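Trainee: Numbering (the working numbering), first residue to last: 206 to 737.
Note that CB positions come from ideal geometry on N, CA and C, so glycine has one too.
Note that this is a predicted model, so its numbers are computed, not measured.
Shown below is the structure under consideration.
Written as structure tokens, this is what we have:
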């Protein structure tokens with residue numbers, strides 16, 4: 206038996222875009238082509254499996270699990286990269302094309318024997334399949350009369366008897382009763398013992414730990430984890446590794462060095478008061494932050510492996526956003542490079558931020574009657590669920606442009622949401638930003654905008670899931686701030702997180718700050734000193 210080697214495979218599908226205007230419809234009519242865009246379903250996936258190994262492929266729906274299995278099976282060709290080895294394959298990727306509901310169990314067993322190329326007489330193989338499936342007593346029943354679990358047994362047991370070297374299984378083990386699952390696991394372990402390779406997709410972390418020696422976690426076609434199953438990131442929450450968090454912090458000193466070279470100055474600011482934070486967060490949550498009283502599960506939800514170092518800075522995070530907002534009202538633009546805690550809720554933090562600094566600043570200014578209609582434009586790659594929840598009553602209008610799937614799982618509807626397909630590139634993204642900003646400003650009529658312009662939509666970001674170029678992000682920011690300045694709307698800029706290389710993220714952040722400063726001539730090129 207041979208191993209399986211997968212080298213940098215990617216898969217791109219072309220998808221049709223919605224047509225929203227008469228011009229698009231006419232273009233389609235005269236050209237015969239519909240507006241379309243490339244969708245990156247898999248992005249540079251590599252793995253090597255030795256004989257006798259088992260790999261669990263995990264990830265949310267739409268992450269690329271089935272596409273990867275189909276490429277390994279030879280059903281779909283990769284757009285780039287290569288697959289070699291693996292020997293004879295047995296594919297259990299759905300059985301609608303095998304089972305015929307109007308035929309009997311016996312006849313379907315014979316079909317399965319032929320499909321999986323079992324050696325020997327078809328009639329004898331059909332009897333063996335029915336026996337191993339415990340369906341011999343139902344041999345004359347129509348397959349359509351069986352439960353889903355019973356129907357599954359025939360092709361599954363036929364595949365296991367095929368003598369294949371590589372078994373590719375898509376969610377099949379999640380179907381059927383407990384007894385059948387136990388039998389499947391026993392048979393699969395026996396196949397491993399003789400050197401067969403198992404690759405299966407599953408949402409069941411316990412099954413991955415029980416059967417697989419390694420796990421591959423996909424999100425938006427990109428590998429976010431490859432290692433021992435018991436080390437997989439927890440579904441939901443932020444889902445990031447400590448390395449991602451570390452890269453996010455490393456860009457900060459690089460950014461300040463670039464800002465200094467570009468002629469920007471720095472100023473300090475006071476921390477927010479308890480009274481300020483209580484406008485958004487509960488007293489009990491603030492007390493726990495002060496005491497560093499978070500359990501391991503809460504730290505995991507925050508994705509802060511160094512939370513004991515970060516939590517005391519929560520008051521400074523909020524203070525920076527407040528100071529930047531005041532600066533925006535005075536000079537047209539205020540900038541706080543470390544703000545953007547849009548995942549934090551009143552009773553808990555989430556996704557790198559213990560507190561929602563934007564929400565705190567907005568409510569402070571509302572309380573002081575400095576603004577009447579503040580609004581949030583959130584251009585982070587991930588939906589601003591915490592901000593949307595806090596302002597669900599409508600006191601602050603919110604607009605979020607984000608990836609259509611992935612983190613966060615627990616989404617809350619914003620005043621306006623623009624969902625971008627995973628893997629989208631510049632044209633699709635910039636069109637959504639341009640149209641969304643125009644429509645949102647017309648609806649919200651804000652007298653101050655909190656602009657969250659993160660770098661995580663960048664094509665090399667390990668967690669964003671979009672494919673926007675550095676130039677595309679520069680165009681995004683120029684468009685936003687020229688639009689706001691042209692309407693006389695002050696802007697408070699915060700930069701949120703980023704998980705590409707620190708050097709690239711710092712350069713993108715610098716471009717964002719430059720675009721904002723150029724749009725507001727009265728801005729004195731002073732940014733707030735960040736938490737480093």
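So if DSSP puts residue 183 in a beta bridge, which residue, or which two residues, is it bridged to?
Mentor: Lying outside 206 to 737, the shown extent of the chain, residue 183 is not represented and no answer is given.
Trainee: May I ask which residues mark the beginning and end of the alpha helix (DSSP H) holding residue 175?
Mentor: Since the first residue of the chain shown is 206 and the last is 737, residue 175 is not available in this structure.
Trainee: Across which residues does DSSP place residue 214 in a beta bridge pair?
Mentor: What you label residue 214 is simply residue 9 of the chain shown in a count that begins at 1. According to DSSP, residue 214 bridges with 250.
Trainee: Which residues does DSSP pair with residue 284 in a beta bridge?
Mentor: Sequence index remark: in the chain shown, residue 284 carries index 79 (1-based). Paired residues: none, contrary to the question.
Trainee: Nearest by alpha-carbon distance to residue 478: which of 628, 396 and 524 is it?
Mentor: Walking along the chain shown from the start, residue 478 turns up at place 273. Nearest C-alpha to residue 478: 524.
Trainee: Could you check where the beta strand (DSSP E) with residue 562 kicks off and where it finishes?
Mentor: Here residue 562 refers to the residue found at position 357 of the chain shown. Here residue 562 belongs to no beta strand (DSSP E); instead the alpha helix (DSSP H) covers 562-572.
Trainee: Check this for me: beta carbons of residue 548 and residue 476, under 8 Å apart or not?
Mentor: Numbered from its first residue, the chain shown carries residue 548 at position 343. Numbered from its first residue, the chain shown carries residue 476 at position 271. No; because the gap between Cβ atoms is not below 8 Å, this pair is not in contact.
Trainee: Select from 692, 292 and 696 the residue whose C-alpha is nearest the C-alpha of residue 530.
Mentor: Residue mapping note: residue 530 aligns to position 325 of the chain shown, counting from 1. Answer by Cα proximity: 696.
Trainee: Which first and last residues belong to the beta strand (DSSP E) in which residue 294 is found?
Mentor: Residue mapping note: residue 294 aligns to position 89 of the chain shown, counting from 1. Run containing residue 294: 294-297, per the beta strand (DSSP E) assignment.
Trainee: Thinking C-beta only, is residue 279 closer than 8 Å to residue 307?
Mentor: Sequence index remark: in the chain shown, residue 307 carries index 102 (1-based). Sequence index remark: in the chain shown, residue 279 carries index 74 (1-based). Not a contact, by the Cβ cut-off of 8 Å.
Trainee: Is it buried or exposed for residue 740, if we count other Cβ within 10 angstroms and need 16 for buried?
Mentor: As displayed, the chain neither begins before 206 nor continues past 737, which places residue 740 out of reach and without an answer.
Trainee: Could you pull out every residue in the same chain whose Cβ sits closer than 8 Å to the Cβ of residue 730, ignoring the five residues on either side in sequence?
Mentor: Against the chain shown, residue 730 aligns to sequence position 525. Only 468, 469, 470 and 722 meet the Cβ criterion.
Trainee: What three-state label does DSSP hand residue 583 in the structure shown?
Mentor: One-based indexing of the chain shown puts residue 583 at position 378. Residue 583: strand per DSSP, three-state reduction.
Trainee: For residue 533, I'd like the list of residues in its chain whose CB is within less than 7 Å of its CB, leaving aside the five on either flank, ordered along the chain.
Mentor: On the chain shown, position 328 is the one that residue 533 refers to. For residue 533, where only same-chain residues beyond five positions count, the Cβ hits under 7 Å are 539, 653, 695, 696 and 697.
Trainee: Output the boundary residues of the alpha helix (DSSP H) element that contains residue 682.
Mentor: Taking the chain shown and counting its residues from 1, the one referred to as residue 682 is at position 477. Residues 675-691.
Trainee: With the cut-off set at 8 Å, would you say residue 360 and residue 317 are in Cβ contact?
Mentor: One-based indexing of the chain shown puts residue 360 at position 155. One-based indexing of the chain shown puts residue 317 at position 112. Closer than 8 Å, so yes.
Trainee: Of all Cβ atoms in chain B, is any one closer than 8 Å to the Cβ of residue 429?
Mentor: Annotation note: the requested chain B is absent from the structure, which comprises a single protein chain.
Trainee: Expressed to the nearest angstrom, what Euclidean distance is found between the alpha-carbon atoms of residue 496 and residue 543?
Mentor: Translated into the one-based positions of the chain shown, residue 496 becomes position 291. Translated into the one-based positions of the chain shown, residue 543 becomes position 338. In a straight line, the C-alpha of residue 496 is about 23 Å away from that of residue 543.
Trainee: Please report how far the alpha carbon of residue 605 lies from the alpha carbon of residue 351, in whole angstroms.
Mentor: Here residue 605 refers to the residue found at position 400 of the chain shown. Here residue 351 refers to the residue found at position 146 of the chain shown. So the two alpha carbons sit approximately 47 Å from each other.
Trainee: From the DSSP output, which residues share a beta bridge with residue 818?
Mentor: No information on residue 818 is available, as it lies outside the stretch 206 to 737 that the chain covers here.
Trainee: Please classify residue 149 as buried or exposed, where buried requires at least 16 neighbouring CB atoms within 10 angstroms.
Mentor: In this structure the chain extends from 206 to 737, so residue 149 is not present and cannot be described.
Trainee: For the alpha helix (DSSP H) that contains residue 352, what are its first and last residues?
Mentor: Counted from its first residue, the chain shown places residue 352 at position 147. Looking at the DSSP string, residue 352 is not in any alpha helix (DSSP H), and its letter there is neither H nor E.
Trainee: Per DSSP, residue 663 is paired with what?
Mentor: As a position in the chain shown, residue 663 is number 458, starting the count at 1. DSSP, once it has assigned bridges, lists 673 as partnering residue 663.
Trainee: Which word fits residue 214, buried or exposed, when buried means at least 16 other C-beta atoms lie within 10 angstroms of its C-beta?
Mentor: The residue labelled residue 214 in the question sits at position 9 within the chain shown. The residue in question, residue 214, is buried, as its Cβ has 16 or more Cβ neighbours within 10 Å.
Trainee: In the structure shown, what three-state DSSP assignment does residue 471 receive?
Mentor: The sequence position of residue 471 within the chain shown is 266, counting from 1. Correct three-state label for residue 471: strand.
Trainee: If you follow the alpha helix (DSSP H) that residue 708 is part of, which residue opens it and which one closes it?
Mentor: Position 503 of the chain shown, counting from 1, holds the residue named residue 708. Where residue 708 is concerned, the enclosing alpha helix (DSSP H) stretches over 707-724.
Trainee: Work out the CA separation of residue 459 and residue 708 for me, nearest whole Å.
Mentor: Locating residue 708 in the chain shown gives position 503, counting from the first residue. Locating residue 459 in the chain shown gives position 254, counting from the first residue. One C-alpha to the other measures close to 7 Å.
Trainee: Quick one: give me the first and last residue of the alpha helix (DSSP H) that residue 668 is part of.
Mentor: For the purposes of this step, residue 668 is taken as residue 463 along the chain shown, with counting starting at 1. Counting along the chain, residue 668 falls outside any alpha helix (DSSP H), and DSSP gives it neither H nor E.
Trainee: Between which residues of its own chain and residue 643 is the CB-CB distance below 8 Å, once the five residues before and five after are set aside?
Mentor: Here residue 643 refers to the residue found at position 438 when the chain shown is read from its first residue. Excluding positions up to five away in sequence, the list reads 688.
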